[in-house]
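Each remark here refers to the structure printed beneath this line.
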Amino acid sequence: MADFFANWLPNWLALTLAALVHVTLILTLALTAAAAFTWAERKVAGRIQDRLGPTRVGGRFGWLQAVADGLKLVSKEDVVPKNADPLLFRAAPYVSFCASFCVYLAMPFANGWVAQPLDIAVFFILAVAGLEVLGVILGGYASGSKWSLFGAMREAAQVVSYEVPLALCAVIPVMVAGTMDLVAIGNMQSGWAWNWLIFHDPFLFATFFVYFTCAVASVNRAPFDLAEAESELVAGFLTEYSGFRWSVFFMAEYASMFAVSMLASILFLGGWNGPLPITVWLGLAPNPATGDAPHALLAYLGNFLGMVNLLTKATLGVLVMMWARWTLPRLRIDQVMTMCLKYCIPLAAAMFVGAMVYAYAFPAGLIFRVGGGG
Amino acid sequence: MGVNFHSVFFHLMAVLASGFALAVVFSNNIVRMAFYLVASLGAVAGLFFLAGADFVAALQLMIYVGGTLVLLIFGVMLTARGPFADLKTSPAQWTVVGLVGGSLLAVLLYAASSASRWTASGKAASAPPDQVAPTSAPLGLALLGARVDKLDPKQNSASSRAGGMSGYLLPFEIVSVHLVVVLIGAAYLARARRRATPRPIAANSPPDDPSQSSSVS
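Chains D and P, in that order, are what the protein sequence lines are.
Position one of the first sequence corresponds to residue 1 (my numbering), numbered consecutively onward.
Position one of the second sequence corresponds to residue 375 (my numbering), numbered consecutively onward.
Take a look at the structure:
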């Protein structure tokens, strides 16, 4: 985009404008996603518990509920407890939010639609996503409350443990694809649905479910939300927070839920490629048989369709997380650790070896795979 | 008006890194220190990104910033007796630290200023590294024992391949085994201690009764 602006503007202005556009787009996406998911969460929770959920705000379905919630949260008093460390208490929510926002910097939304293309996008995303817990620990410690400290310690133990199987699961599709570049991984899965990496071999199919479990645990969602555990710890690390800072923590949580689902969609579920190669039929994507590139405007339309595709998949992932949250009871801390150390890590390691052997034995993937797509 | 964004961000990140490093030194609260350390290390990761070394930068984020997280937890668990521990530094400690740190700083400054690339021309050195486009693939292959950068493409004989294959596999494996040993040692030290002798089950049964002290209990 910087090159695009540089046609008319001096270089420094073009760079600034391009950066501003990228950041604004990503920030809008993260905040809109957070607002939409708060509403969806209340609706899903209501339906699962045989209630209606929000119905009034905004006419039908309570679709403006997130705005009402936001107004309420902003108008609340900003309280800092007397025992708290004021600097860290104030900074902690922003640390969390920055970490989960920075994940989107390297996240492609369609073929080439990425703020900062990186060779090592998967690694960068995993590294930055792991930093979100820092804000939680700082907030829990700085609150000067025992509930908060307990919540923070649990969160630390949980996230540090679950990073290992999460990274192992992310390595397996990277190994099969042979690159850590998310754009390349996404383009590799174009064509029919059986080109998606989840259908590459049985081991990757199993890996997807291990990855999703670990992702839910690493973004601190129920049934792994021991850091908040309202039945035992009041609200865990959030006990002393109210108003705007509380909502910043929740924006961070929803943004990172969306980010891990999006990463799962790109790594396993074909990214911006739909189950049918519709964009190829309509001539909106490069034809794999002839290699003809479409007109720039048509390619833009194809990329837009791809982005809708990817966001739909990621939203479905978040909805599954909500479904799990309102269906399953919360695990105990020892069960959470058992889940990680006795099941997820050995499973991920076994799938790693299995996928390696499979990729060596059948380099073309599944036997009934139709080459090339289209 | 032209702005060299590379220089601007280099200076910004450098100031952030040094400023937070100073804040680590002059803070008394251990958790605040850890927070400043994280910020300083994050700024250093930003410097690496600026230099085009994405892989090193992500490693910096994952290992150092993530490692500081664990340091923070241990700091809280081991030192905080009250809600917020204050660490006082005695004058003797200041002297020793000043001597060690000052000499290290002198060595580093001397090494940095004697690097010919930096002193030659400021403009050329601060140009954005557009030509740098290596990927992390050679690095990963070198860890697996294949130095692709040292391979001679012209001759494909076995001797040249053997020369190219002397990568970092052995050091990598030694470090890995060392880490595993450390992990096992830590788990051994931290495990719950079992009693050497089995506890008597009930008051009316003798402790050396073989039927009671069996593994069934």
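By construction, the Cβ of each residue, glycine as well, lies at the ideal position given by its N, Cα and C atoms.
Quick one: which chain P residues come within Cβ less than 7 Å of V128(D)? As a working mapping, residue 128(D) is identified with position 128 in the first sequence. Within 7 Å Cβ-Cβ: L435.
So, with DSSP's three-state summary, where would you put A115(D)? What you label residue 115(D) is simply residue 115 of the first sequence in a count that begins at 1. Reduced to three states, the DSSP call for A115(D) is coil.
Residue from R47(D), E232(D), M321(D), T24(D) with nearest C-alpha to S254(D): The residue given as residue 254(D) occupies position 254 in the first sequence. According to the sequence shown, residue 254(D) is Tyr rather than Ser. The option with the nearest alpha carbon to Y254(D) is M321(D).
What residues in its chain sit with their C-beta under 6 Å from that of C340(D), if we drop five residues either side in the sequence? Against the first sequence, residue 340(D) aligns to sequence position 340. Excluding residues within five positions, the ones whose Cβ falls inside 6 Å are S161, Y162.
Output, in sequence order along the chain, the residues in the region 120-147 of chain D whose CB is closer than 8 Å to any CB in chain P. I120, F123, F124, L126, A127, V128, G130, L131, V133, L134, I137, L138, Y141, A142, G144
Decide if F378(D) is buried, meaning its Cβ has at least 16 other Cβ atoms within 10 Å, or exposed. Only positions 1 to 374 of chain D appear in this structure, which leaves residue 378(D) out of reach.
Just the chain D side, please: which residues come within less than 9 Å of L443(P) by C-beta, in chain order? As a working mapping, residue 443(P) is identified with position 69 in the second sequence. The answer, in chain order, is G130, L131, V133, L134, I137, A156, V159, V160.
Please state whether the Cβ-Cβ distance between T327(D) and I48(D) is less than 8 Å. The count along the first sequence starts at 1 and reaches residue 327(D) at position 327. The count along the first sequence starts at 1 and reaches residue 48(D) at position 48. Going by C-beta atoms, T327(D) is nearer than 8 Å to I48(D).
Mind listing the chain D neighbours of A432(P)? Cutoff is C-beta to C-beta under 7 Å, in chain order. Along the second sequence, read from residue 1 onward, the residue named residue 432(P) stands at position 58. In chain order: I120, F123, F124, A127.
Residues of chain P with CB under 8 Å from L88(D), in chain order? Within the first sequence, the letter at position 88 stands for residue 88(D). Those within 8 Å of L88(D) in chain P are V405, R406, F409.
Note down, in chain order, each residue of its chain lying with its Cβ closer than 6 Å to the Cβ of N309(D), except the 5 sequence neighbours on either side. As a working note, residue 309(D) is residue 309 in the first sequence. Excluding sequence neighbours, N309(D) sits near W272, G274.
S401(P) lies in the alpha helix (DSSP H); which residues open and close that run? The count along the second sequence starts at 1 and reaches residue 401(P) at position 27. Note, S401(P): premise wrong, no alpha helix (DSSP H); not H, not E.
Could you tell me whether any Cβ in chain D is nearer than 8 Å to the Cβ of I558(P)? Here residue 558(P) refers to the residue found at position 184 of the second sequence. It does not; no Cβ of chain D falls within 8 Å.
Within 10 angstroms of the Cβ of Q434(P), are there 16 or more other Cβ atoms? Answer buried if so, exposed if not. As a first step, residue 434(P) must be located in the second sequence, where it is residue number 60. Its Cβ being crowded by 16 or more others within 10 Å, Q434(P) is buried.
What is the C-beta distance between F61(D) and V318(D), in whole angstroms, given that I count them as a contact (C-beta under 8 Å)? Your numbering for residue 61(D) matches position 61 in the first sequence. Your numbering for residue 318(D) matches position 318 in the first sequence. Actually they are not in contact, since the Cβ atoms of F61(D) and V318(D) sit about 18 Å apart, beyond 8 Å.
Express the C-alpha separation of L25(D) and G496(P) in angstroms, rounding to a whole number. On the second sequence, position 122 is the one that residue 496(P) refers to. On the first sequence, position 25 is the one that residue 25(D) refers to. Residue placement at G496(P) is flagged as unreliable, the pLDDT there being 47, under the threshold of 50; the coordinate-derived value follows with that caveat. Computed Cα separation, rounded: 36 Å.
8 Å is my cut-off, CB to CB: does G440(P) come that close to chain D? On the second sequence, position 66 is the one that residue 440(P) refers to. G440(P) counts as touching chain D.
Beta-carbon contacts of G270(D) that lie in its chain and below 6 Å, excluding the five residues immediately before and after: Mapped onto the first sequence, residue 270(D) falls at position 270. Answer for G270(D): Q189, W196, listed in chain order.
Closer than 9 Å by beta-carbon distance: list the chain C residues that pair up with L517(P), in chain order. Among the chains of the structure shown, chain C does not appear; the protein chains present are D and P.
Residues of chain D with CB closer than 7 Å to the CB of L553(P), please, in chain order. Residue 553(P) sits at position 179 when you count from the first residue of the second sequence. Neighbours of L553(P) on chain D: none; closest Cβ ~13 Å, over 7 Å.
Neighbourhood of V67(D) by C-beta distance below 8 Å, restricted to the same chain and skipping five residues each side: As a first step, residue 67(D) must be located in the first sequence, where it is residue number 67. So the qualifying residues of the chain are A35, V57, G58.
Roughly how many angstroms lie between the CA atoms of N436(P) and Y141(D), to the nearest whole one? Position 62 of the second sequence, counting from 1, holds the residue named residue 436(P). Position 141 of the first sequence, counting from 1, holds the residue named residue 141(D). Looking at the sequence itself, residue 436(P) is Met, so the reference to Asn does not match. Each residue's alpha carbon lies about 22 Å from the other.
Compare the C-beta of L15(D) against all C-beta atoms of chain P and say whether one is closer than 8 Å. Numbered from 1 along the first sequence, position 15 holds the residue referred to as residue 15(D). Chain P contact via Cβ: present.
With 8 Å as the threshold, decide whether the Cβ of F400(P) is near any Cβ in chain D. Taking the second sequence and counting its residues from 1, one reaches residue 400(P) at position 26. So no, F400(P) is outside the interface.
Count the other CB atoms within 10 Å of the CB of K462(P); is the residue buried (16 or more) or exposed (fewer)? Sequence index remark: in the second sequence, residue 462(P) carries index 88 (1-based). K462(P) comes out exposed.
Pair within 8 Å by beta-carbon distance, F268(D) and I198(D): Within the first sequence, residue 268(D) is the residue found at index 268, counting from 1. Within the first sequence, residue 198(D) is the residue found at index 198, counting from 1. In this structure, I198(D) lies closer than 8 Å to F268(D) by Cβ.
Cβ shell of L386(P) (< 7 Å), same chain only, five flanking positions each side left out: Here residue 386(P) refers to the residue found at position 12 of the second sequence. So no residue of the chain qualifies.
Would you mind giving the Cβ-Cβ distance between K76(D) and G306(D), rounded to the nearest angstrom? I have them listed as a contact below 8 Å. Along the first sequence, read from residue 1 onward, the residue named residue 76(D) stands at position 76. Along the first sequence, read from residue 1 onward, the residue named residue 306(D) stands at position 306. 40 Å between Cβ atoms; not a contact.
Counting only beta-carbon atoms, is L446(P) nearer than 8 Å to chain D? Residue numbering aside, residue 446(P) sits at position 72 when the second sequence is read from its first letter. So, interface residue.
Compute the Euclidean distance between the alpha carbons of F123(D) and L479(P), then round it to the nearest angstrom. Sequence index remark: in the first sequence, residue 123(D) carries index 123 (1-based). Sequence index remark: in the second sequence, residue 479(P) carries index 105 (1-based). Computed Cα separation, rounded: 33 Å.
Measuring straight from C-alpha to C-alpha, what distance separates P277(D) and W194(D)? Within the first sequence, numbered from 1, the residue matching residue 277(D) stands at position 277. Within the first sequence, numbered from 1, the residue matching residue 194(D) stands at position 194. The straight-line gap from Cα to Cα measures roughly 11 Å.
How about V412(P): is its C-beta nearer than 8 Å to some C-beta of chain D? Position 38 of the second sequence, counted from the start, is the residue given in the question as residue 412(P). Closer than 8 Å to some Cβ of chain D, the Cβ of V412(P) qualifies, so yes.
Report yes or no: is there a C-beta of chain D within less than 8 Å of the C-beta of F429(P)? Residue 429(P) sits at position 55 when you count from the first residue of the second sequence. Judged by the 8 Å Cβ criterion, F429(P) is in contact with chain D.
Would you kindly report the start and end of the unbroken alpha helix (DSSP H) that includes V551(P)? For this step, residue 551(P) is matched to residue 177 along the second sequence. Unbroken alpha helix (DSSP H) run through V551(P): 543-564.
Helix, strand or coil for A110(D) per DSSP? Counting from 1 along the first sequence, the entry for residue 110(D) is found at position 110. In this structure, A110(D) counts as strand in the three-state DSSP scheme.
Could you tell me the alpha carbon to alpha carbon distance between P512(P) and L518(P), rounded to whole angstroms? As a first step, residue 512(P) must be located in the second sequence, where it is residue number 138. As a first step, residue 518(P) must be located in the second sequence, where it is residue number 144. If you take the alpha carbons of P512(P) and L518(P), they lie about 10 Å apart.
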